[in-house]
Amino acid sequence: MKTYLLIALVLFSFNIPFAHAQVKQIRRDTIQARAWYNKALRLQQKGVYDSSMALLGKAAGLYKKYQLWDKQLDCDNEFSYSLFIMGRYQEALQTATQTLQEGLEKFKGDSTKAIRCYINLGEILRMRGEYKKALQFQEKALQMRRKVLGEGHPNVADSYDLVGNIYSDKGEYDKALELHLKSLKMKRIFFNETNLKIATSYHYLGGIYLFKSEYNRALEYFNKSLQIRLTNLGNTHREVADSYNNLGNIYHLKGQYDKALQCHLKALHIRRTIFGDFHPRVAASYNNIGNVLQVKGEFDKSLEYHQKALYIRRSAYGNTHPDVAESYNYMGIIYQAISEYEKALEYHQMALHIRRSAYGEANGGVADTFNQLGNVYFDKGEYEKALEYYQKALEIRRTIFGETHQGVANSYQTIGKIYNTKGEYDQALEYHQQSLRIRRVVLGENHPNVAFSYNNIGNTYYEKGEYEKALEYHQKALQIRRFSLGETHLRVANSYNDIGNVFSAKGEYDNALKYYQKGLEIRLSALNKTHPDVSESYNKIGMLYQSKGEYGKALEYHQKALQGYLGAFGKTHPSVADAYIQIGNVYLNKREYKKSLQQYQQAIIANLPDFQDSTVAYNPVLKGQTNPFFFAKPLLTSLRSKAKVLEILFNQSHNITDLQLAYQTSCAADSLANKIQQNFEKESDKVAFTSSSVELYQQALPLCLKLFHLTKEQNYLDKAFYFAEQGKASVLKTSLAESKAKMFAGIPDSLLKQDQTIRTQIAQYSQRLAKELTKRKEADSSKIQSYENYLFTAHRQQKSLIKQFEEFYPQYYSLKYQSSIVTPKQLQDKLDKKTVLLEYVLTDSLLQVFIIGHHFFQVESIPLDNLFRRQLTAFREGILLQDQDLYQQVAYQLFKVLMPFNLPKSIKSLLIIPSGELTAFPFEALLSKPARENLRKPSSYLLNKYTISYAYSAWLLYQRLNSEKETTTRNLLAMAPVFVDSINNSKASANTPHSLSSKSSLESSSRAVTNARREFSKITNPPILQVESGRHKASSTNGQESTRSSQIFMEQGIPPLFASEQEVNTIARLFQDKGEVAKVYLHNKASERQIKNEEVSGYNYIHLATHGFVNEKFPELSGLLFSQENVNQEDGSLYTGEIYNLRLKAELVTLSACETGLGKLAYGEGVIGLTRALLYAGAKNVIVSLWKVNDASTADLMKYFYKELLSGKSKTIALQIAKRKLVRQKKYSQPYYWAPFVLIGK
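Final position of the sequence shown in my numbering is 1274; the numbers increase by one with none missing.
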């Protein structure tokens, strides 16, 4: 205005008439400009942006003409704001930046004149998700306002609000809350409690508490804001509509959907009254109403409202506005909910295109859309595709927000959900625990999202069968949900349902029913009767009645569930499949087999969009396809159940067609199982899945044998052997293939070293975590969290590296996934005429033995009674307690069960592939004749009849038989810590795991033997641990013989192994006498550091005489003890994970230690322990022990073994001779002394 007066004064002094006319013209122009400006703002409010911008441009032109720079800046700022509202973000940013630059130029660098420009730029950048830059501009504006206006000015308070909004968007809610409260405090100085400025502060505070999920406090502030606005503005103002909108959102989140609808409808009515039917704010109301209806399961109505919103937004903004993308996004969610996945993908892709164009790649909205795309692919069962999109969302969120943000936690949750559904439970746990860690830091302990994490972890433990842990986490989730959301919230119902699942699995059916009914009651009160969540409750209650044997009630509830699912999703959906499976199970239990079969066929159809054949004679073709199914595990269940029913029908009708179809169905299930396991990442998850799949192979195997007996077609017998092998060490086979692939795929040494480093670190931190977990209540939670975080990061690095191997080194992929199938014919070609392979398959009621010789192949099926497993325990107990009566009662009986066939007299060697409980069974100690003859003739030990060795699977054995011949060079590395140094003993308590020690003293010898001497009919099958604890004194003549075990590390230090020093020296001399190299490390030199030295790979024979220890609960804490030198951070314990990372090339590794052949038994995989680790590390053959061994007898056994080996005998013959020499010694004649050591290999 000052510029305008100056112009007028100059003109007036030169030519008064002319000047007077000019002044009048300037006045008219500025009045016109002001009118245009005000009208533009009104049009802007109404959403008529093009006309508004046109008027702003005209007004700015007049102000510029008369150099009214501050007025021009106002026009330009509003112009850029309109561009922003229209979604033209890049233009808005350019215009706002240009306006600021021009302002600074016009005002000679006086930035205080351009405060509005800084604020405008900050808001644009905030909405683009560029929070760091936005914060810089808003803080600059705040600083200038404080300088010009003083700290207590209302405009300064507004700036605090603007900065607070940025922190709110960043998820830093406490910081945002602090700023908004500061603003409110300043406003209260200038304004009374009913001022609209105060209402705005309440609005902001309500929003913060909404984001913090403190819904009652949010409700309080939104109501306060509403009351002020109603008082000042009346019932039909846009800000009143905004308040109703906020209240609707709160009620939605609280699960009070009817109240939410009421509020949103009020907002809609006001907005239509003010703006008409086609305003963007009306669209926003339609959008919110659609969201509430979608949650209620009213999908058609929801879609109708979202379509209205979309029409308005496209009319107002065009097709490329972010609000249009939001509508596309919500419509995609609805189409996903009703299983129209292609439409859902189409809408989400359109939303993604708009958001990328508007915001660029690094934006929260883009991340949200990636997440939604992942959700659709998840529901389609395309897990890898879903994971790809979830990872994209995660990377964007980490880039924008950093690691500790709830958006990142949400991404970890969705990725965890993928792994949980795939059955990769340990992998899922890692992600859910990371999500929980972030949420607890960001949101506090009692936030509903923290409850989500607890719930997810509980579900994962439930799937793992760890029900007590599952219950603990679900109870935590329930407690938080009831506190923060109220008793009737749908998430509370979810918790009740999940707790019901746990109680049902535990067999506590009354408790389960109570929780299921609580959940159902909440769901029925909030949702339609046909809502999928209501159907889920029905399905769970039906499953419960199944378990109780009340099949009529079960069927009633499952039918309700099915009808609800069909109404919500149509015919193809995983939930529909699950309902059919459960109905099929009911009919199966009712022995209505044909009805059951139809239900399983429908379940298959519901899980496969491209397979719609309801004729049970047809199966889907799954081999080679890329996940044409929704959820793999229910499909696997459907196929397995179908095959089971078909076999039952064959047993009734003897119609071979039923049996052939059962066989075909089993083959389809096997193809699916292979596909599932191939996608697993963590070995522990692979092992768990293999264990769960054993039932499939055990079911399929007899089918093949029946078909062979009926048709005499050899392919069925071969297929039976295939299924036997499928349940044998498949994960170990895959791991060895992967290890080989790394060596021969041309991968650079630098990458292999990186892989080795990561694996070593994973092993170290896995041990530390396991050690801490064994402390239970005394465990340090901060250490556990630290170890989990490190492992989480290391596993991600490992996954990235493996992906790099697969993408850039094709031979690695080819070798890693090459077939691990061996046929009986291939084995026969490799076996000599004196050797037979015996592969066992053990089920609850049947033992099957595959007998393969050079010229013959047959299968024996032996029914088992309840005594069999008690006999196994008695056999072991008799040996360990040296109770000959007990031992002799069962040794011959077991021989008749395990070897009820006559082998040719020419057979001298057995290659045994055990199964289940037989994996730790010494066949050598069986008696081939009744006990009364054995008393006079110890030659009836099976040891005296055959050489015996063991293998994890026929395929692994075939690899050894097919490998290159043994090198003629024989060099030895022998180590014995001996443990006679008192310093070592004093350090034991610090260096050995507490959880591995067992009882240090035993019952007296006579009492132990007396307790063991019982009639066989009274055998009660005690756990092996009880057998072990009653063994030591009974096994020694004076109660003081040394054993190679870890049992009393804690109380008395490490027991010395006096005979081990002489043992390794004797073995070394045997090698040296043959002119071979022999390196011996004794006492402190027999260190963990030494066994990890790279020179270990140069030895053909490695002999370790030390203590071994086994932890079945935490296999990673099994290991071997070395000297306790504590050098270079080594603790003197070589754990399983560390053994995996050794690089061995040894022909034979001998563990002259206790229980080194034991470990955690994983059905279908074998023993997870030291043997497995050594085979992975490169050992071709391994000698291990099956129980705690005697020091002196072990030394003698090893001396005899190596003497025979170095004389040219094979490993099996040398071991047989060594054992027979002990048998001939009265002192060591009992199996306790010679039977524990077994050869794994050839």
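Note that beta-carbon positions come from the ideal geometry of N, C-alpha and C, so glycine has one too.
With respect to the alpha helix (DSSP H) encompassing H301, which residues constitute its N-terminal and C-terminal limits?
For the purposes of this step, residue 301 is identified with residue 269 of the sequence shown, where counting begins at 1. H301 -> alpha helix (DSSP H) spans 289–307.
Can we say the segment 748–757 touches the segment 712–724, given the rule of at least three CB pairs closer than 8 Å?
Contact fails between the segment 748–757 and the segment 712–724, because fewer than three Cβ pairs, one in each stretch, are under 8 Å apart.
If you follow the alpha helix (DSSP H) that K214 is in, where does it begin and where does it stop?
Here residue 214 refers to the residue found at position 182 when the sequence shown is read from its first residue. Element bounds for K214: 205–222.
Quick check: the Cα distance between E1217 and I1272, rounded to an integer number of angstroms?
Here residue 1217 refers to the residue found at position 1185 when the sequence shown is read from its first residue. Here residue 1272 refers to the residue found at position 1240 when the sequence shown is read from its first residue. According to the sequence as given, residue 1217 is Ser; it is not Glu. Approximately 11 Å, taken between the alpha carbons.
In chain order, what residues of the same chain have a beta carbon less than 8 Å from the beta carbon of L41, not counting five sequence neighbours either side?
One-based indexing of the sequence shown puts residue 41 at position 9. Per-residue confidence for L41 stands at a pLDDT of 45, beneath the threshold of 50, marking its modelled position as unreliable; the derived number appears in the next sentence. Nothing listed; no residue qualifies.
Contact check, K848 vs N994, beta carbons under 8 Å:
Your numbering for residue 848 matches position 816 in the sequence shown. Your numbering for residue 994 matches position 962 in the sequence shown. Result no, Cβ atoms of K848 and N994 do not sit closer than 8 Å.
Sequence ranges, alpha helix (DSSP H) only - wholly within the segment 312–384, length at least 4
Counting only runs of 4 or more, we get 312–327, 331–349, 354–369.
Can you name the residues that DSSP bridges to P895?
Counting from 1 along the sequence shown, the entry for residue 895 is found at position 863. For P895, which the question treats as bridged, DSSP gives the partners L878.
Could you have a look at K412 and say whether DSSP puts it in helix, strand or coil?
On the sequence shown, position 380 is the one that residue 412 refers to. Shown here, K412 sits in a helix according to DSSP, grouped into three states.
Is it true that the CB of A1006 sits closer than 8 Å to the CB of I1099?
In the sequence shown, the residue the question calls residue 1099 occupies position 1067. In the sequence shown, the residue the question calls residue 1006 occupies position 974. The answer is yes: Cβ separation under 8 Å.
Can the beta-carbon of N442 be found less than 8 Å from the beta-carbon of H464?
Translated into positions along the sequence shown, residue 442 becomes position 410. Translated into positions along the sequence shown, residue 464 becomes position 432. Inclusion of N442 and H464 in the CB contact set at 8 Å is not warranted, their separation being larger than that value.
Could you tell me how far apart the beta carbons of G1140 and L1152 are, in whole angstroms, since I believe they sit closer than 8 Å?
As a first step, residue 1140 is located in the sequence shown; it is residue number 1108 there, counting from the start. As a first step, residue 1152 is located in the sequence shown; it is residue number 1120 there, counting from the start. Yes, they are in contact, since the Cβ atoms of G1140 and L1152 sit about 5 Å apart, within 8 Å.
CB S334 to CB G350, shorter than 8 Å?
To locate residue 334, count along the sequence shown from 1; it is residue 302. To locate residue 350, count along the sequence shown from 1; it is residue 318. The beta carbons of S334 and G350 sit no closer together than 8 Å.
Which whole-angstrom value is the C-beta distance of Q843 and G778, which I expect to be below 8 Å?
Start at 1 with the first residue of the sequence shown, and residue 843 comes out as number 811. Start at 1 with the first residue of the sequence shown, and residue 778 comes out as number 746. About 6 Å; that satisfies the 8 Å criterion.
Cβ contact (3+ pairs, closer than 8 Å) linking the segment 1116–1134 and the segment 1253–1264
Cβ pair count under 8 Å is below three, so no.
Spatial neighbours of G669 within its chain, please: C-beta separation below 7 Å, excluding the five flanking residues on both sides.
For the purposes of this step, residue 669 is taken as residue 637 along the sequence shown, with counting starting at 1. Note that residue 669 is Thr in the sequence shown, not Gly. Same-chain partners within the cutoff: I613.
Cβ of T305 within 8 Å of Cβ of T263?
The residue you call residue 305 lines up with position 273 of the sequence shown. The residue you call residue 263 lines up with position 231 of the sequence shown. A distance of 8 Å or more separates the beta carbons of T305 and T263.
Starting from H1135, follow its DSSP beta bridges and name the residues at the other end.
Along the sequence shown, one-based indexing puts residue 1135 at 1103. A1006, T1182.
In the DSSP assignment, what are the bridge partners of K1111?
Working through the sequence shown from its first residue, we reach residue 1111 at position 1079. Looking at the DSSP assignment, K1111 forms a beta bridge with L1005.
Taking only three categories from DSSP, how would you classify A1022?
Residue mapping note: residue 1022 aligns to position 990 of the sequence shown, counting from 1. Any reading at A1022 must be qualified, since the residue scores a pLDDT of 39, below 50, and its modelled position is unreliable; no value is offered.
Could you tell me the alpha carbon to alpha carbon distance between V648 and L629, rounded to whole angstroms?
Here residue 648 is taken as the residue at index 616 of the sequence shown, counted from 1. Here residue 629 is taken as the residue at index 597 of the sequence shown, counted from 1. Straight-line Cα distance between these residues: approximately 7 Å.
How would you label E1148, buried or exposed, when you count the other beta carbons within 10 angstroms and need 16 or more for buried?
As a first step, residue 1148 is located in the sequence shown; it is residue number 1116 there, counting from the start. Answer is buried; the Cβ neighbour count reaches 16.
According to DSSP, is A953 part of a helix, a strand, or is it coil?
Position 921 of the sequence shown holds residue 953. In the sequence as presented, Ala is not what sits at residue 953; that position holds Phe. Note: F953 maps to coil in three-state DSSP.
Could you tell me the boundaries of the beta strand (DSSP E) in which G1151 lies?
For the purposes of this step, residue 1151 is taken as the residue at position 1119 of the sequence shown. Where G1151 is concerned, the enclosing beta strand (DSSP E) starts and stops at 1151–1153.
Relative to the C-alpha of S83, which residue among D332, K71, N187, R387 is closest?
By one-based count along the sequence shown, residue 83 stands at place 51. Taking S83 as reference, the option from D332, K71, N187, R387 with the minimal CA-CA separation is K71.
What residue does the alpha helix (DSSP H) around F1269 start on, and which one ends it?
For this step, residue 1269 is matched to residue 1237 along the sequence shown. Unbroken run through F1269 is the beta strand (DSSP E), 1269–1272; no alpha helix (DSSP H).
Under a three-way DSSP split, which group does G238 fall into?
Residue numbering aside, residue 238 sits at position 206 when the sequence shown is read from its first letter. For G238, the secondary structure class from DSSP, reduced to helix, strand or coil, is helix.
Can Y199 and L174 be called in contact, C-beta distance under 8 Å?
Numbered from its first residue, the sequence shown carries residue 199 at position 167. Numbered from its first residue, the sequence shown carries residue 174 at position 142. With contacts defined as CB atoms closer than 8 Å, Y199 and L174 fail to qualify as a contacting pair.
Local conformation of S938 per DSSP, three classes:
The residue labelled residue 938 in the question sits at position 906 within the sequence shown. In this structure, DSSP gives S938 a state outside helix and strand, which the three-state scheme calls coil.
Whole-angstrom distance between F433 and E420, CA atom to CA atom:
Walking along the sequence shown from the start, residue 420 turns up at place 388. Walking along the sequence shown from the start, residue 433 turns up at place 401. In a straight line, the C-alpha of E420 is about 20 Å away from that of F433.
Per DSSP, V1012 is paired with what?
Start at 1 with the first residue of the sequence shown, and residue 1012 comes out as number 980. According to the DSSP secondary-structure assignment, V1012 is paired through a beta bridge with no residue.
Are Q438 and L384 touching if we call contact CB-CB under 8 Å?
Looking up residue 438 in the sequence shown gives position 406. Looking up residue 384 in the sequence shown gives position 352. No, these two residues do not count as a Cβ contact at 8 Å.
Could you give the distance in angstroms between the alpha-carbon of T401 and the alpha-carbon of E435?
Looking up residue 401 in the sequence shown gives position 369. Looking up residue 435 in the sequence shown gives position 403. CA-CA distance, T401 to E435, rounds to 20 Å.
Own chain, CB closer than 6 Å to L975, minus 5 neighbours either side, in chain order
Position 943 of the sequence shown holds residue 975. The residues are E956, K1251.
Could you pull out every unbroken alpha helix (DSSP H) segment of at least 4 residues lying fully inside the segment 498–559, listed in chain order?
Taking 4 residues as the minimum length, the alpha helix (DSSP H) runs contained wholly in the segment 498–559 are 499–517, 522–537, 541–558, in order along the chain.
Considering only C-alpha positions, which residue in the set V566, E892, K803, F755 is nearest to V726?
Along the sequence shown, one-based indexing puts residue 726 at 694. Checking every option, the nearest Cα to that of V726 belongs to F755.
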